[in-house]
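Here is the structure we will look at, set down as structure tokens.
Numbering (our numbering), first residue to last: 3 to 219.
Put into structure tokens, the structure is as follows:
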């Protein structure tokens, strides 16, 4: 059975796309990062994963920057990209959950690769990780540290005790959840939660930030 000329042309076009996706981008036959892009697969939050599609997007941006001297982009996405790539937590380790938080920064998990760098000063932080049991006497100090953080700021509640009191829920001296003191964005369950759970919580916070507008409407 012979092959039609249309089929041969389609095969040649596919070979061109595989050889250089930028050619298809220039011809308008391929929109990188969308459903008709076979080279870059989207992640859950709509970002293009590593691969030929992502490389084509980068080459296209570089070419536009070289030719025109500027790049047109969405301000919200640009600002949120910068925020998610440089999250600086103010650690508030209160109990055994803090050990798992320290574990997440060790070489096995290496949170630094996500741009998550621990800061000792609340004025240099935009994320607070509450890890452990929050007592009533510690609650005012927690709120004071939170108030000193610059806007925008986010809070991760790590572990059962921080989420709702945990084993000490009925104790007279324990706050039944840090969300009674500060607004919480991400809850990480577990007693104690693993380092992987904290890493997953931080990734979920990054998704939440990407979905948030930077301009008040």
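Ideal Cβ placement from N, Cα and C applies to all residues, glycine included.
Sequence-distant Cβ neighbours of residue 145 in its own chain, meaning closer than 7 Å and more than five residues away, are 183, 184. In this chain, residue 189 is not harboured by any alpha helix (DSSP H); it is covered by the beta strand (DSSP E) spanning 188-190. Taking the C-beta atoms as reference points, residue 94 is found nearer than 8 Å to residue 130. Of all alpha-carbon atoms in 161, 206, 165, the one lying nearest the alpha-carbon of residue 101 is that of 161.
Annotation for residue 104: the continuous alpha helix (DSSP H) segment containing it runs 99-106. Within the stretch 151-181, the runs of alpha helix (DSSP H) at least 4 residues long that lie entirely inside it are, in chain order, 162-166. Contact between residue 211 and residue 82 holds: their C-beta atoms lie close to 5 Å from each other, under 8 Å.
Between residue 120 and residue 159, the beta carbon gap of about 17 Å keeps them out of contact (Cβ cut-off 8 Å). Beta-bridge partners assigned by DSSP to residue 193: none are found.
Between residue 168 and residue 193, the CB-CB gap stays under 8 Å. Counting other Cβ atoms within 10 Å of its Cβ, residue 174 stays below 16 and is therefore classed as exposed. A distance of 8 Å or more separates the beta carbons of residue 133 and residue 106.
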